[in-house]
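Each remark here refers to the structure printed beneath this line.
Protein chains: 2
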Amino acid sequence: MQTYLECYPCFVRQVLDGAKAAGMDTAQQHALLQRALGDIARHDIAMPPSELSSHLQALARQASGIADPYREAKAASTRAALEMVPRLSRMICEAEDPLEAAVRLSIAGNIMDLGVLQAFDLEATVERVLAEPFAINHLPALRQALAHSRHLLFLGDNAGETVFDRLLIETVGLPTTYVVKAGPAVNDTTREDAIAAGLDRVAEIVDNGNDGLGTLLHHCSAEFVRRFESAELIIAKGQANFECLDGLGAPVFYLLQAKCRVIAQHLNVPQFGIVLKHEQAGDGRVRQSAMAVGVTVREGDLSDV
Amino acid sequence: MQTYLECYPCFVRQVLDGAKAAGMDTAQQHALLQRALGDIARHDIAMPPSELSSHLQALARQASGIADPYREAKAASTRAALEMVPRLSRMICEAEDPLEAAVRLSIAGNIMDLGVLQAFDLEATVERVLAEPFAINHLPALRQALAHSRHLLFLGDNAGETVFDRLLIETVGLPTTYVVKAGPAVNDTTREDAIAAGLDRVAEIVDNGNDGLGTLLHHCSAEFVRRFESAELIIAKGQANFECLDGLGAPVFYLLQAKCRVIAQHLNVPQFGIVLKHEQAGDGRVRQSAMAVGVTVREGDLSDV
Chain R
14 MQTYLECYPC
24 FVRQVLDGAK
34 AAGMDTAQQH
44 ALLQRALGDI
54 ARHDIAMPPS
64 ELSSHLQALA
74 RQASGIADPY
84 REAKAASTRA
94 ALEMVPRLSR
104 MICEAEDPLE
114 AAVRLSIAGN
124 IMDLGVLQAF
134 DLEATVERVL
144 AEPFAINHLP
154 ALRQALAHSR
164 HLLFLGDNAG
174 ETVFDRLLIE
184 TVGLPTTYVV
194 KAGPAVNDTT
204 REDAIAAGLD
214 RVAEIVDNGN
224 DGLGTLLHHC
234 SAEFVRRFES
244 AELIIAKGQA
254 NFECLDGLGA
264 PVFYLLQAKC
274 RVIAQHLNVP
284 QFGIVLKHEQ
294 AGDGRVRQSA
304 MAVGVTVREG
314 DLSDV
Chain D
14 MQTYLECYPC
24 FVRQVLDGAK
34 AAGMDTAQQH
44 ALLQRALGDI
54 ARHDIAMPPS
64 ELSSHLQALA
74 RQASGIADPY
84 REAKAASTRA
94 ALEMVPRLSR
104 MICEAEDPLE
114 AAVRLSIAGN
124 IMDLGVLQAF
134 DLEATVERVL
144 AEPFAINHLP
154 ALRQALAHSR
164 HLLFLGDNAG
174 ETVFDRLLIE
184 TVGLPTTYVV
194 KAGPAVNDTT
204 REDAIAAGLD
214 RVAEIVDNGN
224 DGLGTLLHHC
234 SAEFVRRFES
244 AELIIAKGQA
254 NFECLDGLGA
264 PVFYLLQAKC
274 RVIAQHLNVP
284 QFGIVLKHEQ
294 AGDGRVRQSA
304 MAVGVTVREG
314 DLSDV
């Protein structure tokens with residue numbers, strides 16, 4: 014997904030949020046903001062918004078010297094989600110359609126996003142997402158894909174949300190690889206966060222070789238890109254993964270809440286609408302890789318990209 | 014009032030809003046945004062936010078060649094407000110305290126602010142502002158000042174809101190000078206807009222010599238600054254006037270709704286709180302003029318400014 018001009022105010026807010034999270038004082042925040050405004054002006058809008066957001070967060074981490082400004086927030090999110098597990102498990106077990114319930118809960122967990130929202134109400138979100146109709150509902154396609162796949166590649170998003178993903182992975186029951194970030198990116202889950210959520214008990218945990226938001230294939234490790242390109246079935250959580258992978262032609266099911274107005278408009282759903290969207294495979298090639306240098310492409314040439 | 018770093022995302026949004034209002038296409042919006050981001054980075058945060066907002070709006074007008082992008086929106090606001098006059102007049106006449114009712118309605122009119130809000134509900138705002146307690150209430154001081162003054166200098170804000178101001182001026186009954194912008198600044202009232210609202214029937218209309226938001230004394234005409242500095246009693250409407258004049262030591266009563274979070278925090282009131290605030294006169298000097306070149310200062314030297 015390209016960057017919309019409506020993303021620009023949000024980029025500036027993200028810089029400030031990152032600077033504050035890293036404990037910078039006002040003068041430091043101001044200096045960082047000035048530097049960032051120049052970088053924002055130079056952003057290529059053909060790239061997804063998360064490309065720039067990732068850079069801005071890295072700037073804040075570098076300028077502050079704080080490697081993981083959201084570390085405590087992530088741990089608190091994971092603890093809050095873990096406390097809900099007995100109740101969430103019961104909801105899934107008792108549901109008429111356990112897969113749908115687990116999918117909905119995994120989407121509910123996507124509210125734990127400190128990159129887009131400053132605050133969220135997890136309990137209220139669970140109630141809402143369990144009751145509300147899907148804004149986009151490709152559950153039948155997901156059910157079918159799960160029935161015909163031997164393995165699931167699960168692209169994680171935020172810490173805390175990980176706990177909800179664990180319940181979905183348990184419900185699905187397929188051998189699963191759970192993908193985390195190789196380093197801190199706002200409150201995205203790293204290996205440490207995923208282990209705290211118990212993901213190591215239900216999946217193989219791998220990192221994507223990058224500390225950016227979403228899945229920027231051209232920044233990921235060759236090892237991860239290989240896994241991605243050979244995956245039978247991918248579940249990708251959250252807005253940033255959607256931004257990065259939308260239109261790429263990979264076998265992806267996106268699970269997210271359309272928290273920001275830009276994503277909601279792009280998807281033509283109401284803001285905060287709950288989305289289970291099946292990527293239309295198109296010509297079957299991993300097209301975004303074409304933007305990258307040194308990334309292999311699944312098949313064919315790229316002359317028409 | 015200084016600029017807070019929390020204003021920065023809003024500056025970017027204002028550029029986009031201005032560009033869209035001026036009918037620029039996406040490529041033109043993007044080019045303007047890139048130019049504006051550099052200017053935002055160079056902004057002196059000791060200056061009020063409206064200094065930069067005014068510049069950004071001027072950029073959009075210049076780049077688009079559209080002199081008054083909000084002309085239609087202003088006319089529509091004035092028409093909507095004029096339709097409410099019979100009902101508003103009756104509310105004031107029948108009120109136990111007509112001055113308080115007229116002040117509240119003038120503050121209600123301050124919701125018609127396209128610089129801060131993308132949309133507003135005027136009818137609902139009137140109901141709310143008539144019923145809600147003031148967040149800051151210096152009405153007794155205003156009542157006393159009105160009883161002891163021979164003239165009122167009224168600094169207008171937005172078109173449409175002008176109609177509500179007219180009712181307050183009629184209720185007060187003092188000889189009044191109503192101040193408009195010398196040229197288009199978002200939906201701030203110009204002479205043409207004020208005449209459409211009937212202000213010429215209840216006040217002398219003068220412009221401040223500037224087409225910026227609020228009252229940036231160092232950009233205003235010497236003639237206006239003379240009026241301002243010799244005024245016995247000033248009513249200043251809206252956020253931008255407050256941003257520009259707060260702490261200046263002039264005999265100002267601010268009437269506004271704290272629509273943005275930054276102003277609300279600065280004033281220590283809830284967002285959308287209704288404010289009637291008396292400027293504390295301090296040392297009696299018009300201090301902000303000290304920042305300007307070529308503006309006379311009421312008294313004393315400026316060595317301690």
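These protein sequence lines are chains R and D, in that order.
Letter 178 of the first sequence, counting from 1, is numbered 191 in our numbering, and no numbers are missing.
Letter 143 of the second sequence, counting from 1, is numbered 156 in our numbering, and no numbers are missing.
Ideal Cβ positions, reconstructed from N, Cα and C, are used throughout, including at glycine.
{"query": "Can you tell me where the beta strand (DSSP E) holding Val288 of chain R begins and where it ends?", "result": "Ile287 to His291"}
{"query": "Following the continuous beta strand (DSSP E) through Ala249 of chain R, name the residue where it begins and the one where it ends.", "result": "Ile247 to Lys250"}
{"query": "Only counting the same chain, and skipping five residues up and downstream in sequence, which positions put a Cβ closer than 6 angstroms to that of Ser66 of chain R?", "result": "Gln27 and Leu226"}
{"query": "Under 8 angstroms between C-beta atoms, does Gly165 of chain D make it to chain R?", "result": "Correcting the residue type first, residue 165 of chain D is Leu in the shown sequence and not Gly. So, not an interface residue."}
{"query": "Looking at the unbroken alpha helix (DSSP H) that takes in Tyr21 of chain R, where does it start and where does it end?", "result": "Tyr21 to Ala34"}
{"query": "By the 8 angstroms beta-carbon criterion, what residues does the segment 25-39 of chain D contribute toward chain R?", "result": "Val25, Arg26, Leu29 and Thr39"}
{"query": "Please list, in chain order, all residues of the same chain as Thr16 of chain D whose beta carbon is under 6 angstroms from its beta carbon, the five residues on each side excluded.", "result": "Ile58 and Pro62"}
{"query": "Using a Cβ-Cβ cut-off of 8 angstroms, state whether Ala108 of chain R counts as contacting chain D.", "result": "no"}
{"query": "Given that a residue counts as buried once 16 or more other Cβ atoms are within 10 Å of its Cβ, and exposed if not, what is Ala80 of chain R?", "result": "exposed"}
{"query": "For the segment 198-210 of chain D against the segment 270-288 of chain D, do three or more pairs of beta-carbon atoms, one drawn from each stretch, fall closer than 8 angstroms, so that the two count as touching?", "result": "no"}
{"query": "Among residues of its own chain, excluding the 5 on either side of Ile105 of chain D, which ones have a beta-carbon nearer than 8 angstroms to its beta-carbon?", "result": "Pro111, Ala114, Ala115, Leu118, Leu180 and Thr184"}
{"query": "Keeping to the same chain, check which residues put their C-beta closer than 6 angstroms to that of Ser90 of chain R; ignore five residues upstream and five downstream.", "result": "Met125, Ala172 and Gly173"}
{"query": "Determine the DSSP secondary structure at Glu109 of chain R, reduced to helix, strand or coil.", "result": "coil"}
{"query": "Can you pull the chain R residues whose beta carbon is under 7 angstroms from the beta carbon of Tyr191 of chain D, in chain order?", "result": "Simply none; closest approach about 34 angstroms."}
{"query": "If you drop the 5 nearest sequence neighbours on each side, which residues of the same chain put their C-beta closer than 6 angstroms to that of Ala76 of chain D?", "result": "Leu45"}
{"query": "In or out: Phe24 of chain R buried (at least 16 other Cβ within 10 Å) or exposed?", "result": "buried"}
{"query": "Count the other C-beta atoms from every protein chain shown that fall within 10 angstroms of the C-beta of Pro283 of chain D, then say buried if there are 16 or more, exposed otherwise.", "result": "exposed"}
{"query": "Can you name the residues of chain D whose CB is closer than 8 angstroms to the CB of Pro22 of chain R?", "result": "Pro22, Cys23, Val25, Arg26 and Leu29"}
{"query": "Spell out whether any CB of chain D is found under 8 angstroms from the CB atom of Val157 of chain R.", "result": "Before going on, a small fix: residue 157 of chain R reads as Gln here, not Val. Answer no: the Cβ-Cβ gap between Gln157 of chain R and chain D never drops below 8 angstroms."}
{"query": "Report yes or no: is there a C-beta of chain D within less than 8 angstroms of the C-beta of Ile124 of chain R?", "result": "no"}
{"query": "Do we get a CB-CB distance below 8 angstroms when we pair His43 of chain D with the residues of chain R?", "result": "yes"}
{"query": "Mind the definition here: the segment 36-52 of chain R touches the segment 40-55 of chain D only if three or more C-beta pairs lie below 8 angstroms; say whether that holds.", "result": "yes"}
{"query": "Considering only C-alpha positions, which residue in the set R:Gly262, R:Thr190, R:Arg100 and R:Glu136 is nearest to Val218 of chain R?", "result": "The question names Val, but residue 218 of chain R is Ile in the sequence shown. With distances taken between Cα atoms, Ile218 of chain R lies closest to R:Thr190."}
{"query": "Please list, in chain order, all residues of the same chain as Ala86 of chain R whose beta carbon is under 7 angstroms from its beta carbon, the five residues on each side excluded.", "result": "Leu127 and Asn200"}
{"query": "Using DSSP with H/G/I as helix, E/B as strand and the rest coil, what is Thr189 of chain R?", "result": "strand"}
{"query": "Note down, in chain order, every chain R residue with its Cβ under 9 angstroms from the Cβ of Gly262 of chain D.", "result": "Neighbours of Gly262 of chain D on chain R: none; closest Cβ ~26 angstroms, over 9 angstroms."}
{"query": "Going by DSSP, what residue range makes up the beta strand (DSSP E) through Ile124 of chain D?", "result": "Segment: none, Ile124 of chain D is in no beta strand (DSSP E) and carries neither H nor E."}
{"query": "Just how far apart, CA to CA, sit Thr39 of chain D and Tyr83 of chain D?", "result": "19 angstroms"}
{"query": "With DSSP collapsed to three states, give me the class of Phe266 of chain D.", "result": "strand"}
{"query": "Mind checking whether Ala244 of chain R and Leu187 of chain R have CB atoms under 8 angstroms apart?", "result": "no"}
{"query": "Who are the Cβ neighbours of Cys20 of chain R in its own chain at under 6 angstroms, not counting the five residues just before and after it?", "result": "Pro62 and Val275"}
{"query": "Can you look up Val282 of chain D in the DSSP assignment and give me helix, strand or coil?", "result": "coil"}
{"query": "How about Gly51 of chain R: is its C-beta nearer than 8 angstroms to some C-beta of chain D?", "result": "yes"}
{"query": "Counting C-beta neighbours from all protein chains within 10 Å, is the total for Pro197 of chain D 16 or more, i.e. buried, or is it exposed?", "result": "buried"}
{"query": "Taking the alpha-carbon positions, what's the Asp224 of chain D to Ala195 of chain D distance?", "result": "5 angstroms"}
{"query": "Check each residue of the segment 46-74 of chain R: if its Cβ is closer than 7 angstroms to any Cβ of chain D, include it; give the result in chain order.", "result": "Leu46, Gln47, Leu50, Gly51, Ile53, Ala54 and Ile58"}
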